[in-house]
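In my numbering, the protein residues as written are 597 to 688.
Take a look at the structure below.
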């Protein structure tokens, strides 16, 4: 799956419409292989983004958990730490 698609479920505050659309756009880009569709494919591309966003929104709203909501700032710090470790220069 595309690394740019972030988990949207169980956050406080909940995922925004922009976050859902951005994740949907990344998903459709990955499936189609296009960052920007041609004029001939633009309508189908945008329709797919809207449909994926609708499905994602329904999924997120229908899911339940007993876990405490995640804190966006804490999760962002963890992600930066993982990235720093992954891309750290090898010690030699």
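For each residue, glycine too, the CB sits at the ideal point set by N, CA and C.
Here the structure is a predicted model, which is why all the values come from computation and not from measurement.
Can you tell which of 653, 637, 639 has the C-alpha that lies nearest to the C-alpha of residue 614? 653
I need the straight-line Cα distance from residue 597 to residue 658, nearest angstrom please. For residue 597, the predicted structure reports a pLDDT of 46, less than 50, and the residue's modelled location is therefore unreliable. The matter cannot be settled from this model.
Looking only at its chain, what residues have a beta carbon closer than 7 Å to the beta carbon of residue 668, apart from the 5 residues adjacent to it on each side? 607
Can you have a look at residue 644 and say buried or exposed, based on whether 16 or more other CB atoms are within 10 angstroms of its CB? buried
Inspect the beta-carbon positions of residue 648 and residue 632 and report whether they are closer than 8 Å. no
Would you tell me roughly how many angstroms separate the C-alpha atoms of residue 662 and residue 612, rounded to the nearest one? 21 Å
Could you tell me if residue 630 is buried or exposed, where buried requires 16 or more neighbouring beta carbons within 10 angstroms of its beta carbon? The residue is exposed, with fewer than 16 neighbouring Cβ atoms inside 10 Å.
Where does residue 597 sit, in a helix, a strand or coil, going by DSSP? Per-residue confidence for residue 597 stands at a pLDDT of 46, beneath the threshold of 50, marking its modelled position as unreliable; the derived number appears in the next sentence. Of the three classes helix, strand and coil, the one that applies to residue 597 here is coil, per DSSP.
Under a three-way DSSP split, which group does residue 537 fall into? This structure cannot settle anything about residue 537, because the visible part of the chain is limited to 597 through 688.
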